[in-house]
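Notes follow the structure.
2 protein chains.
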Amino acid sequence: MTTASKPRTAAKAAAKIPMRDFSQSLPMSLLRTRESVMRHFRPSLRAHDLTEQQWRILRALAASGEIEVTELARVAFLLGPSLSRILRDLEGRRLIERRLLKADLRRSVVSITSKGLKLIEAVAPTSEAIYAEMTKRFGARKLSDLQALLHELEAALLAMPAADGAEDDLFDR
Amino acid sequence: MTTASKPRTAAKAAAKIPMRDFSQSLPMSLLRTRESVMRHFRPSLRAHDLTEQQWRILRALAASGEIEVTELARVAFLLGPSLSRILRDLEGRRLIERRLLKADLRRSVVSITSKGLKLIEAVAPTSEAIYAEMTKRFGARKLSDLQALLHELEAALLAMPAADGAEDDLFDR
DNA sequence: GCAAAGTGATTAACATGTTAAGTGATTGTG
DNA sequence: CACAATCACTTAACATGTTAATCACTTTGC
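Listed below in structure tokens is the structure:
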């Protein structure tokens, strides 16, 4: 009966300001959908002792060869601090390597090791199979429609100036 | 030239297994798009000392009145441990209240305080304005198409059995 | 040259995500 | 009615998200 009985509270009257129904806000939809996707991938990654982020990094490295840390952060969509910690860990596990750039000792380039590549080769088939099954169930056409809309929205929002939290705030007029 | 020169490595040859171009995998697309959305909301929340998750909880409480912790976790899409910590904090700030259920002392119900409601009323107009601007830029029709696809995908994946990480595992016999 | 400003990367500090373990309360079964 | 199983919630422990500070190195301006 975990999902059977619903709260009798019902209410939905507390807020004077209506606002869109909370659960169908765009950020929530994106979050829930992403989780419903990742839920299928995590077991396989976990079976190989990889987190989602570690996997993103290995994938990015396998795709781009040697790459600078900053650029890696960009393509793997991770913030610097997270990346630093994860690289330290992956380097300790000999899945990646780092070397300093002679031309600029502040920078270093990262690359995947053969051990890292073997790990990818071990995980990739399962990932691909899962992705294929998802595509089959959802429909290739709808999947690409979705991808297109996601990209369009991303582009539209990049063009939208970011509010700075100060708002019009009375004083800066 | 931070973004000018691309890595000469070019490679993309390291991996023997092709795999979809990493950056357009579905999880990455969803993550990037969600971030591009949240980027616009965070400054406003931050200006009121709220994190995204705290805001989700307050919104959920405002919409549903009194609600049990487990149900709140479900609607705010948070795991129990995260919720426990955040409720402790919000209670300390007098934005929410808790009371035990006499009928079952394991359970407690959470509700938003008038201070919490005032905070929502202070933040909501800005949020609504941002959401409206997004809708205007992206298009209301495309937005609802996107929402529909997200929900469909979510439904399709819920119906898909979760791999357990064991796979068929050829080798562990 | 050299002090100041800028840049790439890491560390620090705190909040959340995630899984496992713990705590107290309740329930079902013999 | 004892008592093991279950349940609701919390804690614990570790990884990541996030912002700020720091460190080492480079570039700039004088």
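Quick mapping for you: the protein sequence lines, in order, are chains A and B.
Using the UniProt record's numbering, you'd call the opening residue of the first sequence number 1 and step up by one each time.
Using the UniProt record's numbering, you'd call the opening residue of the second sequence number 1 and step up by one each time.
Even glycine gets a Cβ: it sits at the ideal position worked out from N, Cα and C.
Would you kindly report the start and end of the unbroken beta strand (DSSP E) that includes residue i?
i, result
"residue 104/A", "104-112"
"residue 97/A", "96-101"
Quick check on residue i - is its C-beta less than 8 Å from some C-beta in chain A?
i, result
"residue 51/B", "no"
"residue 9/B", "Reliability fails at residue 9/B, whose pLDDT of 36 lies under 50, so the model's placement of it is uncertain and the value that follows must be treated cautiously. Yes - at least one Cβ of chain A is within 8 Å of the one on residue 9/B."
"residue 97/B", "no"
"residue 142/B", "yes"
"residue 147/B", "yes"
"residue 106/B", "no"
"residue 157/B", "yes"
"residue 101/B", "no"
"residue 137/B", "yes"
Between the C-alpha atoms of residue i and residue j, what's the straight-line distance to the nearest angstrom?
i, j, result
"residue 45/A", "residue 155/B", "23 Å"
"residue 43/A", "residue 25/B", "18 Å"
"residue 36/A", "residue 82/A", "24 Å"
"residue 74/A", "residue 94/B", "39 Å"
"residue 79/B", "residue 109/B", "17 Å"
"residue 63/B", "residue 120/B", "11 Å"
"residue 126/B", "residue 118/B", "14 Å"
"residue 38/A", "residue 104/A", "38 Å"
"residue 87/B", "residue 96/B", "8 Å"
"residue 69/B", "residue 50/B", "20 Å"
"residue 179/B", "residue 31/A", "This structure leaves residue 179/B out entirely; chain B is present only between 1 and 173."
"residue 160/B", "residue 41/A", "12 Å"
"residue 152/A", "residue 138/B", "8 Å"
"residue 34/A", "residue 72/B", "20 Å"
"residue 145/B", "residue 85/A", "39 Å"
"residue 89/B", "residue 129/B", "28 Å"
"residue 65/B", "residue 162/B", "34 Å"
I want to see whether chain B comes within less than 8 Å of residue i, judged by CB atoms only; does it?
i, result
"residue 29/A", "yes"
"residue 14/A", "Residue placement at residue 14/A cannot be trusted, given a pLDDT of 42 that sits under 50; the coordinates are not used to answer."
"residue 89/A", "no"
"residue 81/A", "no"
"residue 113/A", "no"
If you follow the alpha helix (DSSP H) that residue i is in, where does it begin and where does it stop?
i, result
"residue 79/B", "Premise fails: residue 79/B is in no alpha helix (DSSP H) and is neither H nor E."
"residue 146/B", "140-158"
"residue 56/A", "52-64"
"residue 41/B", "26-47"
Give every residue of the same chain whose Cβ lies closer than 8 Å to the Cβ of residue i, excluding the five residues on either side of it in the sequence, and list them in chain order.
i, result
"residue 67/B", "60, 61, 75, 109, 110, 111"
"residue 91/B", "97, 98"
"residue 77/B", "56"
"residue 53/B", "76, 78, 82, 86"
Looking only at its own chain, which residues have a Cβ that is under 6 Å from the Cβ of residue i, when we skip the five neighbours before and after it?
i, result
"residue 107/B", "68, 101"
"residue 143/A", "135"
task = Decide yes or no for the touch test of the region 98-116 of chain B against the region 126-145 of chain B: beta carbon pairs closer than 8 Å, at least 3 of them.
result = no
| Contact between the region 21-41 of chain B and the region 50-63 of chain A: three or more CB pairs below 8 Å? | yes
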